[in-house]
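Q: Each residue of the sequence shown is one higher than the one before, counting from 49 in the working numbering.
Take this structure, written in structure tokens, and hold onto it; I'll ask about it next.
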Amino acid sequence: MRTFAALALLAVAEAGCGGHTPETARVLGAQVQRCADGEIRHLGSQRTAYVGVAPYGAIAYDRPGGAVRARFGPKNVNSYPTVFGVTGAVVRRDCSPSWYRVQLPRRPNGITGYVRARALDVQTVKVRILVDVSDRRLTLFRAGRPELTATVAVGSPSTPTPTGRYYVNQRLVPTDPRGPFGPGAIGISAFSNVLTGWTQGGPIAIHGTNEPWSIGHAVSNGCIRLPNPTLEQVFRQAVAGTPVIIRA
49 MRTFAALALL
59 AVAEAGCGGH
69 TPETARVLGA
79 QVQRCADGEI
89 RHLGSQRTAY
99 VGVAPYGAIA
109 YDRPGGAVRA
119 RFGPKNVNSY
129 PTVFGVTGAV
139 VRRDCSPSWY
149 RVQLPRRPNG
159 ITGYVRARAL
169 DVQTVKVRIL
179 VDVSDRRLTL
189 FRAGRPELTA
199 TVAVGSPSTP
209 TPTGRYYVNQ
219 RLVPTDPRGP
229 FGPGAIGISA
239 FSNVLTGWTQ
249 GGPIAIHGTN
259 EPWSIGHAVS
269 NGCIRLPNPT
279 LEQVFRQAVA
289 GTPVIIRA
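Below you can see the structure in the form of structure tokens.
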């Protein structure tokens with residue numbers, strides 16, 4: 049098992065013990081003139097996404113006040129702060145959130161849960177990543193506009209890259225930048241649908257490579273490989289919570 053050193057998460061803009069930010073409340077309030085208690089409001093667009101940081105850990109439920117789906121400490125197995133992609137909010141009559149609907153970095157791929165609003169510091173994210181497996185192409189968008197496009201290597205026919213909607217849940221620096229992950233790995237909330245017995249459950253990442261000739265081919269174990277110089281560019285911009293859409 050290779051050792052990674054976790055990068056520090058960008059500092060959250062709001063102080064305190066968690067909960068929604070003024071920006072989140074403004075967005076929720078702007079969507080409707082008034083809210084029904086318990087109503088679910090969608091969060092996120094082509095230009096803006098939301099990330100929830102759990103500084104003290106969090107419990108995810110299958111529905112607000114329902115059965116526990118997963119428990120999370122303040123940091124994950126790689127000592128990276130626990131974060132969730134936030135896709136919606138359960139609101140009160142004043143449109144303030146009582147719960148957030150979040151993406152979970154768990155199997156099965158695409159699973160969601162509900163976390164109490166007070167457990168999360170919610171911030172905006174302006175970057176989005178689209179990976180087209182057939183075209184073997186990655187595009188990074190900022191505020192809805194394409195900013196970077198690159199050819200990638202994707203999963204082989206026997207270990208395909210899983211399609212779906214995910215988010216960046218960790219950014220890791222390998223101990224050896226000349227190794228198979230290159231100078232960095234951008235972990236996302238997806239898992240291989242084939243390699244279920246791998247370390248940490250077979251998580252998927254966008255990373256560099258020590259096999260530059262593999263770029264443009266379907267040869268990986270499911271991860272998305274970038275040329276190392278391009279990986280460094282994407283690494284700098286793909287902050288925690290960045291949506292990652294992988295399409296066939």
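All residues carry an ideal CB built from backbone N, CA and C; glycine is no exception.
Looking only at DSSP bridge pairs, what is R117 linked to?
A: Answer is none; R117 lacks a bridge partner.
Q: When we look at the beta-carbon of A288 and count the other beta-carbons within 10 Å, is it buried (16 or more) or exposed?
A: Buried is the call here.
Q: What number of angstroms, rounded off, separates the C-alpha of S182 from the C-alpha of A97?
A: Distance between the alpha carbons of S182 and A97: 25 Å.
Q: Residue ranges of each alpha helix (DSSP H) run of no fewer than 4 residues wholly in the stretch 246 to 288, ordered along the chain?
A: Entirely contained in the stretch 246 to 288, the alpha helix (DSSP H) runs reaching 4 residues are, in chain order, 276 to 285.
Q: Have a look at A201 and G270 and give me their C-alpha separation to the nearest angstrom.
A: Computed Cα separation, rounded: 9 Å.
Q: Anyone know if the C-beta pair for I234 and I252 falls short of 7 Å?
A: It is not a contact, given that the beta carbons lie outside the stated cut-off.
Q: Identify, in the order they occur along the chain, each residue of the same chain with its Cβ nearer than 6 Å to the Cβ of V80, setting aside the five sequence neighbours on each side.
A: Only weak support is given to the placement of V80: the predicted model assigns it a pLDDT of 48, under 50, and the question is left unresolved by the model.
Q: Take R284 and list the residues in its own chain whose beta-carbon comes closer than 8 Å to its own, dropping the five residues that flank it on each side.
A: None.
Q: Skipping 5 residues on each side, what residues in its chain have a beta carbon closer than 6 Å to that of A191?
A: Excluding sequence neighbours, A191 sits near R95 and K174.
Q: Looking at the unbroken beta strand (DSSP E) that takes in D180, where does it start and where does it end?
A: Here the beta strand (DSSP E) through D180 covers V175 to D180.
Q: Looking at A233 and the ligand FAD, is the gap between the Cβ and the nearest heavy atom below 6 Å?
A: The ligand FAD is not among the ligands present in this structure, which contains no ligands whatsoever.
Q: Helix, strand or coil for A167? Go by DSSP, reduced to three states.
A: Three-state DSSP puts A167 in a helix.
Q: Within this structure, are the beta carbons of F229 and H255 separated by less than 7 Å?
A: A contact, by the Cβ cut-off of 7 Å.
Q: For the beta strand (DSSP E) containing V199, list its first residue and its last residue.
A: The amino acid occupying residue 199 in the given sequence is Thr; Val does not appear at that position. Per DSSP, T199 belongs to the beta strand (DSSP E) from R193 to T199.
Q: The beta strand (DSSP E) that contains F239, what's its start and end?
A: Segment A233 to F239, the beta strand (DSSP E) holding F239.
Q: Relative to the C-alpha of P231, which candidate in V242, W147 and P277 has its C-alpha closest?
A: P231 has its Cα closest to that of P277, out of V242, W147 and P277.
Q: For I159, report the span of its beta strand (DSSP E) as first-last.
A: Where I159 is concerned, there is no enclosing beta strand (DSSP E), given that its DSSP letter is neither H nor E.
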